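Q: In our numbering, the protein residues as written are 212 to 668.
Where is the CB? At the ideal position from N, CA and C, for every residue including glycine.
Treat the numbers as computed from the prediction; the structure is a model and nothing was measured.
The structure follows.
What follows is the structure, encoded as structure tokens:
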């Protein structure tokens, strides 16, 4: 805490059906001098996803949602649009596992700051629920996907998403300090979110509540982890069968060095230990929940400032609680760690050389886009009638071109804040297809708003 300046951290450790340690450190609210405890509610960011997925799976068990049906079957006026692929193949299962082809997306609507109205979910899905890759062909993490999941929960159940989660997930599991946003009466028990300068961040909302909007104490979150360890505590109802919990943890994405992703959960083999987990990060938030099914261990680390090394804290806890193999392997890996090598200068691969032209398709219309790969490795980007800009941090790996350029996305929601444009394009059938995301980089962070790109020679 001294080295990072984070105001508060809360941790919890459970093993073999018992909470062994839970504690808060520092200030939940520096200005009001409210200390953090194991019962302080922290903003969870993306740990919201496995919790929302648990709610959706109740509807699956009841036969009200078919995981392999198109997500559009359960949506209303806002429907997924098949630009790079068939929207009928964007199933609920693929939306939950980030393989439906949906783009990068996040928005933060700050109270009293933004100056723009938050769209309805139908509007958000109609604008940004676009397929930028063919369903099933790429893993692309999408917050909007879990906004779509919470919208499906609400439409199918007929109950507002926060109420559904409270009555169908939180209450049956005995999670009294877990909430979508901050419920009435819980305000004194929450950790204020802080920016990098330790300034309090105003409350913010999203158009992807199911992926980002939950709050919980370390105590309640580790109990949620215990439920997913299939430890049937006396005061918790069995809201899902054990087989369904196993199905949620099982990866459905192609294997990679960073692990796989199932239905709301990531998974990885770590030093021979199976780890099922989710992390969270957004303005004023860094979180992690990790469970080790074979060792019946769950660990929670919550912080109220971004870029806090919660993974390091998690490792230190595990080094004294898992079998010695973990600590020994961790010690070896740290001893072998080397500084990252300098990124080599981009050189144009043969398959990309020359000029590519096409369009960037926003929710309001299409704009011409051109990429020119020069012999010296520079890549020039021309968006609309603007002057060409350099594609900075250009990279070509595993058939994906990525980079960032100085540009402006010509939509009213993007143009309200200064931003640059990040490209991520895949080579499919002789064409470059993918996403261009308008992203703010200063504090406060406002959005990543994505449009579809298709280019040919």
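Select from 616, 510, 649, 551 the residue whose C-alpha is nearest the C-alpha of residue 229.
A: 510
Q: To the nearest angstrom, how far is it from the Cα of residue 628 to the Cα of residue 317?
A: 14 Å
Q: Please state the DSSP three-state secondary structure of residue 273.
A: coil
Q: Could you tell me the boundaries of the alpha helix (DSSP H) in which residue 242 lies?
A: Note, residue 242: premise wrong, no alpha helix (DSSP H); not H, not E.
Q: Do you know whose CA, among 666, 635, 606, lies nearest residue 352's CA?
A: 635
Q: With distances taken from CA atoms, which of 579, 540, 610 is nearest residue 598?
A: Nearest option by C-alpha distance: 579.
Q: To the nearest angstrom, report how far apart residue 455 and residue 269 are at their CA atoms.
A: 9 Å
Q: Using the C-alpha atoms, what's the distance from residue 337 back to residue 287?
A: Straight-line Cα distance between these residues: approximately 10 Å.
Q: Less than 7 Å separating the beta-carbons of residue 256 and residue 459?
A: no
Q: With H, G and I counted as helix, E and B as strand and the rest as coil, what does DSSP make of residue 665?
A: strand
Q: When the Cα atoms are used, what is the spatial distance from residue 466 to residue 479?
A: 9 Å
Q: Around the Cβ of residue 387, are there at least 16 other Cβ atoms within 10 angstroms (buried) or fewer (exposed)?
A: Label assigned to residue 387: exposed.
Q: Can you tell me where the alpha helix (DSSP H) holding residue 535 begins and where it ends?
A: Looking at the DSSP string, the run of the alpha helix (DSSP H) that includes residue 535 is 535-547.
Q: Pair every Cβ in the region 215-225 with every Cβ in the region 246-262, then say whether three or more of these pairs are closer than 8 Å.
A: yes
Q: Would you mind stating whether residue 502 and residue 436 have Cβ atoms separated by less than 7 Å?
A: yes
Q: Going by the beta-carbon positions, is the gap between residue 295 and residue 343 smaller than 7 Å?
A: yes
Q: Run through DSSP, which three-state label would residue 517 get?
A: coil
Q: Assuming residue 389 is part of the beta strand (DSSP E), what are its boundary residues?
A: Per DSSP, residue 389 belongs to the beta strand (DSSP E) from 389-391.
Q: Beta carbon of residue 233, beta carbon of residue 439: below 7 Å?
A: no
Q: Would you mind giving the Cβ-Cβ distance between residue 462 and residue 475, rounded to the nearest angstrom? I have them listed as a contact below 8 Å.
A: That belief does not hold up - the Cβ atoms of residue 462 and residue 475 are roughly 12 Å apart, past 8 Å.
Q: Rounded C-beta distance between residue 380 and residue 266? I'm assuming under 8 Å.
A: 5 Å
Q: Can you look up residue 281 in the DSSP assignment and give me helix, strand or coil?
A: Three-state result, residue 281: strand.
Q: Can you give me the Cβ contacts of residue 647 inside the same chain, cut-off strictly under 6 Å, excluding the 5 residues immediately before and after it?
A: 571, 632, 634, 662, 664
Q: Which residue's Cα is closest to the Cα of residue 626: 485, 658, 666?
A: 658
Q: What does DSSP give as the partner residue(s) for residue 486 in the beta ladder?
A: 479
Q: Return the Cβ separation of residue 415 and residue 321 in integer angstroms, given the expectation that the two are a contact with Cβ distance under 8 Å.
A: Confirmed, Cβ separation roughly 5 Å.
Q: Is it a yes or a no for the region 273-293 touching the region 304-314, going by three-plus beta-carbon pairs under 8 Å?
A: Two segments are said to touch when three or more pairs of C-beta atoms, one from each, lie closer than 8 Å; by this definition the region 273-293 touches the region 304-314.
Q: Might you give, ordered along the chain, the residues of its own chain that have their beta carbon closer than 7 Å to the beta carbon of residue 364, omitting 5 neighbours on each side?
A: Listed in chain order, the non-local C-beta contacts of residue 364 below 7 Å within the same chain comprise 266, 267, 270, 372, 375, local neighbours out to five positions each way being set aside.
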